[in-house]
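Engineer:
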Amino acid sequence: MSTKPALYFGNDHAGLALKRVLLKRAQELGYTVTDVGTHDEASTDYPDWANQVAAKVLSEGGWGVLVCGTGIGISIAANRHKGIRAALCGDVFSAKATRAHNDANVLCLGARVVGEGLALEIFESFLATPFEGGRHQRRIDKIDADAP
Ligand code: RB5
Numbered sequence: 025m026s027t028k029p030a031l032y033f034g035n036d037h038a039g040l041a042l043k044r045v046l047l048k049r050a051q052e053l054g055y056t057v058t059d060v061g062t063h064d065e066a067s068t069d070y071p072d073w074a075n076q077v078a079a080k081v082l083s084e085g086g087w088g089v090l091v092c093g094t095g096i097g098i099s100i101a102a103n104r105h106k107g108i109r110a111a112l113c114g115d116v117f118s119a120k121a122t123r124a125h126n127d128a129n130v131l132c133l134g135a136r137v138v139g140e141g142l143a144l145e146i147f148e149s150f151l152a153t154p155f156e157g158g159r160h161q162r163r164i165d166k167i168d169a170d171a172p
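In structure tokens, the structure reads:
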């Protein structure tokens with residue numbers, strides 16, 4: 025049985041091309057993927073996709089991958105959901121650290137910020153890095169427990 029998390033992809037129009045690249049790589053790596061959308065280049069609103077992916081992650085388990093122009097808007101929207109730990113990453117170190125320390129369950133990327141090669145490195149690093157637990161679990165527990 026596979027221990028790989030199911031992956032839910034979401035993006036606005038600005039993130040469409042990079043989402044497709046990441047989704048293809050995920051399939052090559054043997055992940056089960058769901059492409060929530062958007063599926064074309066028509067202008068659309070990033071919160072709609074962040075909200076759908078967040079709902080999937082919270083109800084089904086697994087992880088989300090969100091892409092918009094900067095990655096900022098879509099990460100802000102995703103993090104409004106209690107239980108979602110969405111990390112906007114523009115470098116490999118952060119991608120590893122947010123899995124190891126924050127147990128991030130959503131990776132956010134800015135398609136207008138990072139090139140395809142770096143995005144793939146960030147993506148694969150995120151996927152491959154386990155959560156360290158321990159003191160980090162206590163800190164994560166406080167995020168939701170102390171949220172207003
Ligand atoms: C769309 O033009 C752009 O605003 C969006 O993709 C994202 O960058 C927002 O944070």
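Under this note's numbering, think of the first position of the sequence shown as 25, with each following residue one higher.
A virtual CB, placed ideally from N, CA and C, is assigned to each residue, including glycine.
1. Excluding the five sequence neighbours on either side, which residues of its own chain have a C-beta within less than 6 Å of the C-beta of residue 29, listed in chain order?
2. Where does the unbroken alpha helix (DSSP H) through residue 81 begin, and where does it stop?
3. Residue 129 lies in the beta strand (DSSP E); which residues open and close that run?
4. Nearest CA to the CA of residue 78: which residue from 89, 163 and 126?
5. Leaving out five residues before and five after residue 153 in sequence, what residues of the same chain have Cβ atoms less than 6 Å from its Cβ?
6. With hydrogens ignored, establish whether the beta-carbon of residue 38 is closer than 7 Å to any heavy atom of ligand 1.
7. Could you check what DSSP says for residue 36 in three-state terms: helix, strand or coil?
8. What residue from 33, 67 and 164 has the CA that sits closest to residue 55's CA?
9. Quick check: is any heavy atom of ligand 2 less than 7 Å from the C-beta of residue 56?
10. Considering residue 61, what are the terminal residues of the beta strand (DSSP E) in which it resides?
Structural biologist: According to the structure shown:
1. In the sequence shown, residue 29 corresponds to position 5, counting from 1. Cβ within range, chain order: 86 and 87.
2. Numbered from 1 along the sequence shown, position 57 holds the residue referred to as residue 81. First-last of the alpha helix (DSSP H) with residue 81: 70–84.
3. The residue you call residue 129 lines up with position 105 of the sequence shown. Neither: residue 129 is in no beta strand (DSSP E) and is coded neither H nor E.
4. Locating residue 78 in the sequence shown gives position 54, where the first residue counts as 1. Nearest of 89, 163 and 126 to residue 78, Cα basis: 89.
5. Taking the first residue of the sequence shown as 1, we reach residue 153 at position 129. Excluding residues within five positions, the ones whose Cβ falls inside 6 Å are 120, 123 and 124.
6. Walking along the sequence shown from the start, residue 38 turns up at place 14. Yes, the beta carbon of residue 38 sits closer than 7 Å to at least one heavy atom of ligand 1.
7. Position 12 of the sequence shown, counted from the start, is the residue given in the question as residue 36. Correct three-state label for residue 36: coil.
8. As a working note, residue 55 is residue 31 in the sequence shown. Checking every option, the nearest Cα to that of residue 55 belongs to 33.
9. Annotation note on ligand 2: not contained in the displayed structure, which lists ligand 1 as its ligands.
10. As a first step, residue 61 is located in the sequence shown; it is residue number 37 there, counting from the start. Start and end: 57–61.
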